[in-house]
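These notes are about the structure you will find just below.
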Amino acid sequence: MLLFASCEKISDITRVEGPCKIELVDGRIITTQDDIEILESTGTMTYRDEDGKLWSFTDEEYLIYSCGNN
Numbered sequence: 093m094l095l096f097a098s099c100e101k102i103s104d105i106t107r108v109e110g111p112c113k114i115e116l117v118d119g120r121i122i123t124t125q126d127d128i129e130i131l132e133s134t135g136t137m138t139y140r141d142e143d144g145k146l147w148s149f150t151d152e153e154y155l156i157y158s159c160g161n162n
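Quick note on numbering: the sequence shown equals residues 93 to 162 in this note's numbering.
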């Protein structure tokens, strides 16, 4: 029971359904067809590109993101 409770505490990841656009502080815009994940405790955003490579941005590296089929 204790192990299960501990697992819940480290699960502070929010998954946002793609496709997504991410605006970086340097002006670049990243687009992804897949979901993004945000680690709530740090604001770090993670996504996979079209080749399946995993990428991450700290909360200081991106300004805003929008997701969905808008």
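Even glycine gets a Cβ: it sits at the ideal position worked out from N, Cα and C.
Reduced DSSP category for residue i - H, G, I as helix; E, B as strand; rest coil
i: R120; result: coil
i: E115; result: strand
i: S133; result: coil
Between the CA atoms of residue j and residue i - distance to the nearest angstrom
i: D141; j: S103; result: 23 Å
i: R120; j: I114; result: 8 Å
i: L131; j: L146; result: 14 Å
i: M137; j: Y157; result: 10 Å
i: C159; j: C112; result: 4 Å
Whether residue i touches residue j by CB criterion (9 Å)
i: E129; j: T106; result: yes
i: E153; j: V117; result: yes
C-beta neighbour in chain B for residue i, strict 9 Å
i: T106; result: Here there is only one protein chain, and chain B is not present.
Residues that residue i bridges to, as DSSP identifies them
i: S158; result: K113
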